[in-house]
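J.: Going by my numbering, the sequence shown opens with residue 20, and the numbers climb by one from there. Quick reminder that beta carbons are idealized off the backbone N, C-alpha and C, glycines included.
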Amino acid sequence: GGSQPQLYQFVKDNYPALYEKVRKAVKAGRWECQGGMWVEADNSLPSGESLIRQFMHGKNFFMDEFGVDVRNLWLPDVFGYNGNTPQLCRICGCSTFLTQKLSWNNINTFPYNTFRWQGIDGSEVVTHFPPENNYNSSQDAASLAAAQDRYQEAAVCSEFMSLFGIGDGGGGPREDFIEKSVIASDMEGLPRVKMGFAQPVLDRMEAMKDRLPVWRGELYFEKHRATLTTQARTKRNNRKLEQRLLQAEFINALLPAKKYPREALDRVCKTLLINQFHDIIPGSSIKLVYDNTQKEHAECLTTLEKLINRAGKALFKANENALTFFNSLSTDYTRPVELPKAWAKGTVRTADGKAVPTQVESDGRVFAKVTVPSDGFLTLLRNPKNGKAVSTKCDGRLVLENDSVRCEFAKNGQLKSAVDKLLDVETLAAPGNVLGMYADDPADYDAWDLDPWYRKQYLCEAKAAGEAVRECGPVRSVIRFRLTIGNSEIDQEAVLASDGAAVEFNTQVEWNEGRKMLRVAFPTNLNAAEATYDIQYGMIRRPTHTNTTWDSVQFEVCGQRYADLSDCQRGFAIMNDCKYGHMIRDGIVELNLLRSPKWPDYTADLGHHAFTYAIRPHQGTVVQAPIYTGAAQLNREPWRFDGFEANGAEAPVAVSGEGVSLEVVKRAEKSDDIIVRIVETRGMKTTGSLRIAKSCKAEKVFATNAIEWTEEGEFMADQSGAYNFSLNPFQILTLKLK
Numbered sequence: 020g021g022s023q024p025q026l027y028q029f030v031k032d033n034y035p036a037l038y039e040k041v042r043k044a045v046k047a048g049r050w051e052c053q054g055g056m057w058v059e060a061d062n063s064l065p066s067g068e069s070l071i072r073q074f075m076h077g078k079n080f081f082m083d084e085f086g087v088d089v090r091n092l093w094l095p096d097v098f099g100y101n102g103n104t105p106q107l108c109r110i111c112g113c114s115t116f117l118t119q120k121l122s123w124n125n126i127n128t129f130p131y132n133t134f135r136w137q138g139i140d141g142s143e144v145v146t147h148f149p150p151e152n153n154y155n156s157s158q159d160a161a162s163l164a165a166a167q168d169r170y171q172e173a174a175v176c177s178e179f180m181s182l183f184g185i186g187d188g189g190g191g192p193r194e195d196f197i198e199k200s201v202i203a204s205d206m207e208g209l210p211r212v213k214m215g216f217a218q219p220v221l222d223r224m225e226a227m228k229d230r231l232p233v234w235r236g237e238l239y240f241e242k243h244r245a246t247l248t249t250q251a252r253t254k255r256n257n258r259k260l261e262q263r264l265l266q267a268e269f270i271n272a273l274l275p276a277k278k279y280p281r282e283a284l285d286r287v288c289k290t291l292l293i294n295q296f297h298d299i300i301p302g303s304s305i306k307l308v309y310d311n312t313q314k315e316h317a318e319c320l321t322t323l324e325k326l327i328n329r330a331g332k333a334l335f336k337a338n339e340n341a342l343t344f345f346n347s348l349s350t351d352y353t354r355p356v357e358l359p360k361a362w363a364k365g366t367v368r369t370a371d372g373k374a375v376p377t378q379v380e381s382d383g384r385v386f387a388k389v390t391v392p393s394d395g396f397l398t399l400l401r402n403p404k405n406g407k408a409v410s411t412k413c414d415g416r417l418v419l420e421n422d423s424v425r426c427e428f429a430k431n432g433q434l435k436s437a438v439d440k441l442l443d444v445e446t447l448a449a450p451g452n453v454l455g456m457y458a459d460d461p462a463d464y465d466a467w468d469l470d471p472w473y474r475k476q477y478l479c480e481a482k483a484a485g486e487a488v489r490e491c492g493p494v495r496s497v498i499r500f501r502l503t504i505g506n507s508e509i510d511q512e513a514v515l516a517s518d519g520a521a522v523e524f525n526t527q528v529e530w531n532e533g534r535k536m537l538r539v540a541f542p543t544n545l546n547a548a549e550a551t552y553d554i555q556y557g558m559i560r561r562p563t564h565t566n567t568t569w570d571s572v573q574f575e576v577c578g579q580r581y582a583d584l585s586d587c588q589r590g591f592a593i594m595n596d597c598k599y600g601h602m603i604r605d606g607i608v609e610l611n612l613l614r615s616p617k618w619p620d621y622t623a624d625l626g627h628h629a630f631t632y633a634i635r636p637h638q639g640t641v642v643q644a645p646i647y648t649g650a651a652q653l654n655r656e657p658w659r660f661d662g663f664e665a666n667g668a669e670a671p672v673a674v675s676g677e678g679v680s681l682e683v684v685k686r687a688e689k690s691d692d693i694i695v696r697i698v699e700t701r702g703m704k705t706t707g708s709l710r711i712a713k714s715c716k717a718e719k720v721f722a723t724n725a726i727e728w729t730e731e732g733e734f735m736a737d738q739s740g741a742y743n744f745s746l747n748p749f750q751i752l753t754l755k756l757k
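1. Counting only the same chain and skipping the five closest in sequence on each side, list residues whose C-beta sits under 7 Å from that of Ser-615.
2. Could you check which residue in Asp-222, Ala-592, Ser-381 and Asn-611 has the C-alpha nearest to that of Val-409?
3. If I'm right that Trp-93 touches Glu-59 with Cβ under 8 Å, what's the distance once you round it to whole angstroms?
4. Could you give the residue range of the alpha helix (DSSP H) that holds Glu-268?
5. Let me know the alpha helix (DSSP H) ranges lying completely inside the stretch 30-108, each 4 residues or longer, listed in chain order.
6. Could you tell me whether the stretch 506-526 touches the stretch 716-725, where touching means 3 or more Cβ pairs closer than 8 Å?
7. When you compare each of Gly-707, Ala-245, Ser-162 and Glu-688 to Pro-210 by their alpha carbons, which one comes out closest?
8. Determine the direct distance from the alpha carbon of Ser-675 to that of Cys-52, and round the result to whole angstroms.
9. Give me whichever residues DSSP pairs with Ala-317 in a beta bridge.
10. Excluding the 5 residues preceding and the 5 following Arg-230 in the sequence, name in chain order all residues of the same chain whose CB lies nearer than 7 Å to its CB.
11. Specify the secondary structure class of Met-703 as computed by DSSP and reduced to three states.
12. Leaving aside the five residues before and after Leu-260 along the sequence, list all residues of the same chain whose C-beta is less than 8 Å from its C-beta, in chain order.
13. With a cut-off of 8 Å on the beta carbons, I'd call Val-356 and Pro-657 a contact; round off their distance for me.
14. Evaluate Thr-543 with the Cβ neighbour count: other Cβ atoms within 10 Å of its Cβ, from every protein chain shown; 16 or more gives buried, anything less gives exposed.
15. Leaving out the 5 sequence neighbours to the left and right, which residues in its chain are closer than 6 Å to Asp-553 when beta-carbon positions are compared?
16. Have a look at the DSSP bridge pairing and note the partners of Val-642.
17. Classify Ile-498 as helix, strand or coil using the three-state DSSP reduction.
18. Among Asn-724, Thr-705, Phe-734 and Ala-651, which one has its Cα closest to the Cα of Ser-66?
19. By the 10 Å Cβ neighbour count, where 16 or more other Cβ atoms means buried, how is Lys-40 classified, buried or exposed?
20. So the candidates are Leu-64, Ile-504 and Pro-461; which of them puts its Cα closest to the Cα of Ala-483?
21. Have a look at Asn-546, Leu-584, Arg-538 and Asn-328 and flag the residue whose alpha-carbon is nearest the alpha-carbon of Arg-560.
22. How many Å lie between Phe-345 and Leu-107 at the Cα?
23. If Leu-348 sits next to Ala-387, beta carbons under 8 Å apart, how far is it from one beta carbon to the other, in whole angstroms?
24. Taking only the alpha-carbon atoms, compute the straight-line gap between Pro-192 and Asn-152 and give it to the nearest angstrom.
25. Along the chain, where does the alpha helix (DSSP H) that runs through Thr-568 open and close?
26. Out of Arg-696, Lys-373, Thr-253 and Asn-402, point me to the one whose CA is closest to Thr-366's CA.
27. Just verifying my parser: in three-state terms, what is the DSSP assignment at Glu-575?
28. Would you tell me roughly how many angstroms separate the C-alpha atoms of Trp-467 and Val-576, rounded to the nearest one?
29. Do Gly-383 and Lys-364 have their CB atoms nearer than 9 Å?
30. Name the DSSP bridge partner or partners of His-637?
31. Confirm, please, whether the CB-CB distance from Val-642 to Met-703 is below 9 Å.
32. Using the Cβ count rule (16 or more neighbours within 10 Å means buried), how would you classify Ser-739?
33. Does the beta-carbon distance from Ala-272 to Arg-686 come in below 9 Å?
34. Let's test the definition: count the other Cβ atoms within 10 Å of the Cβ of Ser-690 and tell me whether it reaches 16, buried, or not, exposed.
35. Between the alpha carbons of Trp-234 and Thr-565, how many angstroms are there, rounded?
36. Just to confirm the assignment, what range does the alpha helix (DSSP H) spanning Ser-219 have?
Okay, here's the thing in structure tokens:
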């Protein structure tokens, strides 16, 4: 058998005669198609939507090419498994899951081999960890006997799987492997070995699921934590590409169906997916891989830019003194937006005549204070002969302040004080924004591992390399720092919008280190036993203490766009636009920014890096504060169409409801229907409604699974024309508009 449809596609493209043999073997029942994903993808770094697309393209390939519905997720060699994977599996038509990697845990032994894995929403998949603890078994007697003895569920389930073969993931077996299997089919003291397909075994395990133990939440891997940070450029480009793909799909869904660029979007999506393979995006491949990945990411981003601009040209009306912002988020966009430099001259108004505050900064960049409506458009008009943007000059105090927060900085960029003015409390226990460097030379697996004793190998922190410069205006205030650390240089802008509550740190680094690590720390005065982290279409809480060995090993954990430490009254969030490694312990909120391993890529991460992180003190818990929406805005700026006005363009749908997020609007994979994906973001039961624009011309609304194969019940419009729905905590709902 074989997993990963991408590999089948390579064979089909390059070796058609061999591919035909595979097709015949599948039809004859001699070859098993395994694993519902396009590639064996990393399970921590790709977004929730990316993992759904892995299933969509993986399952469609096997069905279209072989008529096979693959019902298992097959990830033998992945470095940890997010807590929403069971739901993602279920809504994509997979009910069983196999992996082996947690046998590598370096402190705690995972207690089960065959069990029900329950995700953050309550969804379950029957999961099997083969007790040989090896995906390269040679079928030798000692290994089989040991597996038989350690099989935790032997009293419940009479069989386990052995993944035999040479190479990562179980390659082809040698002749002696086959011979050993034959001998072990009937030998005293050994399990009775039988050759066969994996899915029937998983089906038999699923049939006895009521007798299996339950594990709830993520499957945390006690090793390879540095893969959350290594090869930062690849991770950044992956995040940017994930976001831009959704923007491109959304705006192109406004066009007539025949103009939807289906083939181009399909190519981009599959290129995104292959580079999420579990030894590419984690940073554990050779230099040649990353040279290729960087090239592919750049080509995809350029393709999407062209597709978005082409759609705008078709939808909008040309006007040299206009520009239009398109916001594909289902929350209003309120961060400052950048205008063309030429717009420093003249006054700016919205299409309905409201004046727009603008400012021009010392580097010539122009920023405006606007609100771009959710799932919508905002047109700005310029009168080039009347007035100009405000110049940003102010005194040299290193303070950023508005009605929400007051932040005082030192010359080296450190945050001496961060006062939440709404609560009148200082949020820091010690200076924050501490850019610190650590020695980073793990005992094993240079690119993969982060050892806990790195905390004892603190080397230095960033120093001022010039005078800090402050600018302020009606849109935003900025302090610019020039810093050095080790052999590296850092340019950083600390930014506070005039009406914002988050302080953003736009950071450029020339990284010239070897086996070093750069982290940023914010010691808060909060005391909470758990912190909250953004994961794929959900969130998860993890301990901030070291009570047990299960707690203590989580000294580096994955967060997608945000992490938050809150008590019952207030909290402190850190958001990012391309980072993943976090530590929250003893009130310290810390983000891993850069590493520089030497194996297997000697040049890993050397050179230029750009990234943004932001902090937001807030009232209430992470659910009560707008952390989710703030992080979403940080990651997806509105697209700017220069020289165009919106001309009445409207999104095909609009969604409303507390905690309801419209995440995807696109054409269906195999029809001209519109697909809408809606997510409950707060972990609460809620209701919402969907409204369809007249231009959409949809006549019926059905629920479908995430891979668009089903029509599970028609929604009926109420008297106002809205389609109402209810969502369970963290539920992902996919709708098909026909």
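T.: Answer, in terms of the structure:
1. Working through the sequence shown from its first residue, we reach residue 615 at position 596. If we look at Ser-615 and ignore the five residues flanking it on each side, its Cβ neighbours are Trp-530, Glu-532, Gly-533, Arg-534, Lys-535, Ala-623, Asp-624 and Leu-625.
2. Translated into the one-based positions of the sequence shown, residue 409 becomes position 390. Among Asp-222, Ala-592, Ser-381 and Asn-611, the Cα nearest to that of Val-409 belongs to Ser-381.
3. Residue numbering aside, residue 93 sits at position 74 when the sequence shown is read from its first letter. Residue numbering aside, residue 59 sits at position 40 when the sequence shown is read from its first letter. The pair is a contact, with the Cβ atoms about 7 Å apart (cut-off 8 Å).
4. Indexing the sequence shown from 1 puts residue 268 at position 249. 251-271 is the span of the alpha helix (DSSP H), which, as asked, contains Glu-268.
5. Runs found: 35-46 and 67-85.
6. These segments do not touch.
7. Walking along the sequence shown from the start, residue 210 turns up at place 191. For Pro-210, the nearest C-alpha among the options comes from Ser-162.
8. As a position in the sequence shown, residue 52 is number 33, starting the count at 1. As a position in the sequence shown, residue 675 is number 656, starting the count at 1. Roughly 41 Å between the two C-alpha positions.
9. Counting from 1 along the sequence shown, the entry for residue 317 is found at position 298. As DSSP reads the structure, Ala-317 sits in no beta bridge.
10. Translated into positions along the sequence shown, residue 230 becomes position 211. So the list reads Val-175, once near-sequence residues are dropped.
11. Position 684 of the sequence shown, counting from 1, holds the residue named residue 703. Looking at Met-703 - three-state DSSP - the assignment turns out to be coil, as it is neither helix nor strand.
12. Residue numbering aside, residue 260 sits at position 241 when the sequence shown is read from its first letter. These residues qualify, in order along the chain: Val-287, Leu-291, His-316, Cys-319, Leu-320 and Leu-323.
13. The residue you call residue 356 lines up with position 337 of the sequence shown. The residue you call residue 657 lines up with position 638 of the sequence shown. The C-beta distance from Val-356 to Pro-657 rounds to 7 Å, short enough to fall under 8 Å.
14. Stepping through the sequence shown from its first residue, residue 543 is reached at position 524. Buried is the label assigned to Thr-543, since at least 16 other Cβ atoms lie within 10 Å of its Cβ.
15. For this step, residue 553 is matched to residue 534 along the sequence shown. Here the set comprises Gly-578, Gln-579, Arg-580 and Tyr-581.
16. For the purposes of this step, residue 642 is taken as the residue at position 623 of the sequence shown. Paired residue(s): none; Val-642 is not in a bridge.
17. If you number the sequence shown from 1, residue 498 lands on position 479. The DSSP-derived three-state label of Ile-498 is strand.
18. For the purposes of this step, residue 66 is taken as residue 47 along the sequence shown, with counting starting at 1. Checking every option, the nearest Cα to that of Ser-66 belongs to Ala-651.
19. Residue mapping note: residue 40 aligns to position 21 of the sequence shown, counting from 1. Exposed.
20. Reading the sequence shown from its first residue, position 464 is the one you call residue 483. Taking only the C-alpha atoms, the option nearest Ala-483 is Ile-504.
21. Your numbering for residue 560 matches position 541 in the sequence shown. Of the listed residues, the one whose Cα sits closest to Arg-560 is Leu-584.
22. Along the sequence shown, read from residue 1 onward, the residue named residue 345 stands at position 326. Along the sequence shown, read from residue 1 onward, the residue named residue 107 stands at position 88. Using only the alpha carbons, I get a separation of about 29 Å.
23. Residue 348 sits at position 329 when you count from the first residue of the sequence shown. Residue 387 sits at position 368 when you count from the first residue of the sequence shown. No, Leu-348 and Ala-387 are not in contact; Cβ-Cβ is about 18 Å, not under 8 Å.
24. Translated into positions along the sequence shown, residue 192 becomes position 173. Translated into positions along the sequence shown, residue 152 becomes position 133. Spanning the alpha carbons of Pro-192 and Asn-152 requires a straight line of approximately 17 Å.
25. Sequence index remark: in the sequence shown, residue 568 carries index 549 (1-based). Its alpha helix (DSSP H) spans residues 568-571.
26. Your numbering for residue 366 matches position 347 in the sequence shown. When only C-alpha atoms are compared, the closest one is Asn-402.
27. As a first step, residue 575 must be located in the sequence shown, where it is residue number 556. DSSP places Glu-575 in coil when its eight states are reduced to three.
28. Within the sequence shown, numbered from 1, the residue matching residue 467 stands at position 448. Within the sequence shown, numbered from 1, the residue matching residue 576 stands at position 557. Cα to Cα, Trp-467 sits roughly 14 Å from Val-576.
29. Translated into the one-based positions of the sequence shown, residue 383 becomes position 364. Translated into the one-based positions of the sequence shown, residue 364 becomes position 345. No, Cβ-Cβ distance for Gly-383 and Lys-364 is not below 9 Å.
30. Your numbering for residue 637 matches position 618 in the sequence shown. Gly-590, per the DSSP bridge assignment.
31. By one-based count along the sequence shown, residue 703 stands at place 684. By one-based count along the sequence shown, residue 642 stands at place 623. For the 9 Å CB-CB criterion, Met-703 and Val-642 form a contact.
32. Taking the sequence shown and counting its residues from 1, one reaches residue 739 at position 720. The residue in question, Ser-739, is exposed, as its Cβ has fewer than 16 Cβ neighbours within 10 Å.
33. Numbered from its first residue, the sequence shown carries residue 272 at position 253. Numbered from its first residue, the sequence shown carries residue 686 at position 667. Yes, they are a contact pair.
34. Taking the first residue of the sequence shown as 1, we reach residue 690 at position 671. When all chains shown are included, Ser-690 counts as exposed.
35. Start at 1 with the first residue of the sequence shown, and residue 234 comes out as number 215. Start at 1 with the first residue of the sequence shown, and residue 565 comes out as number 546. Each residue's Cα considered, the two are about 21 Å apart.
36. If you number the sequence shown from 1, residue 219 lands on position 200. According to the sequence displayed, residue 219 carries Pro and not Ser. Start and end: 217-226.
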